[in-house]
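Notes for the one structure printed next.
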Amino acid sequence: MATIRTVADLAGVSTATVSHVINETRAVSAPLTARVLEAMERLHYHPDVVARSLRRRETLTLGLLVPSIEIPFFAVVARDVEAAANEAGYSVILCNSGWSLRREVHYLNDLLARRVDGLLCISLAMTAEHIAPMLRRNTPVVLFDDGTMPGIELDAVEIDNFQGAYDATA
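Heads up: the sequence shown runs through residues 88 to 257, numbered per the working numbering.
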């Protein structure tokens, strides 16, 4: 398996130069960049994102918890969240709970274990107790739709269904 060291050796550069090319942390001349990229391709090298996330203490991953992707509204939300996250350099783990609190809690625990950098949540049944482990880890949580959860203060994207219905029929 190729390592940053084998890429550096093949390209005839230091591991620091390979790192700068991969992470775009410092300007590297075009010829050196080309040599590094060619070595990476020849060796089928891909950066270890797990190691990177451990070093940086960020995964560049968000969790999106929705009740059902079969409902067009939630599918549109998922599409738009993914597009915005991608634009900012994040990946999204989509969790479709199927209207089940048990599955929501399972997904929350999974996302917590994966150390996501944030959670966007549309839930009808979750409580502050369910969200508390995320908050203890200082993971940002944003609620959609209702935007309230008794006993806890969270950021929210609120939707005015009454105004939306009025606008649609006016």
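Glycine included, every Cβ here is placed at the ideal spot set by N, Cα and C.
Since we're looking at a predicted model, the values are computed, not measured.
Legend entry - beta strand (DSSP E) segment containing residue 93, residue limits: Element bounds for residue 93: not the beta strand (DSSP E) but the alpha helix (DSSP H), 91-98.
Around the Cβ of residue 249, are there at least 16 other Cβ atoms within 10 angstroms (buried) or fewer (exposed)? exposed
Return the chain-ordered list of same chain residues with a C-beta closer than 6 Å to the C-beta of residue 107, the five sequence neighbours on each side being excluded.
-> 113 and 115
* Going by DSSP, which residues form a beta bridge with residue 243? -> Beta-bridge analysis with DSSP links residue 243 to 230.
Just how far apart, CA to CA, sit residue 123 and residue 219?
One C-alpha to the other measures close to 45 Å.
How many Å lie between residue 136 and residue 144 at the Cα?
11 Å
Quiz item: Between residue 146 and residue 203, which are expected to be in contact by the criterion C-beta below 8 Å, what is the C-beta distance as a whole number of angstroms?
Solution: 6 Å
Name the DSSP beta bridge partners of residue 236, please?
239
- Task: Following the continuous beta strand (DSSP E) through residue 36, name the residue where it begins and the one where it ends.
- Result: Absent from the structure is residue 36, since the part of the chain shown begins at 88 and ends at 257.
**Prompt:** In terms of residue numbering, what span does the beta strand (DSSP E) encompassing residue 180 cover?
**Reply:** 178-183
- Shorter than 9 Å from the beta carbon of residue 128 to some beta carbon of chain B? Of the protein chains in the structure, only one exists, and it is not chain B.
Provide the residue span of the beta strand (DSSP E) that contains residue 148, from first to last.
148-153
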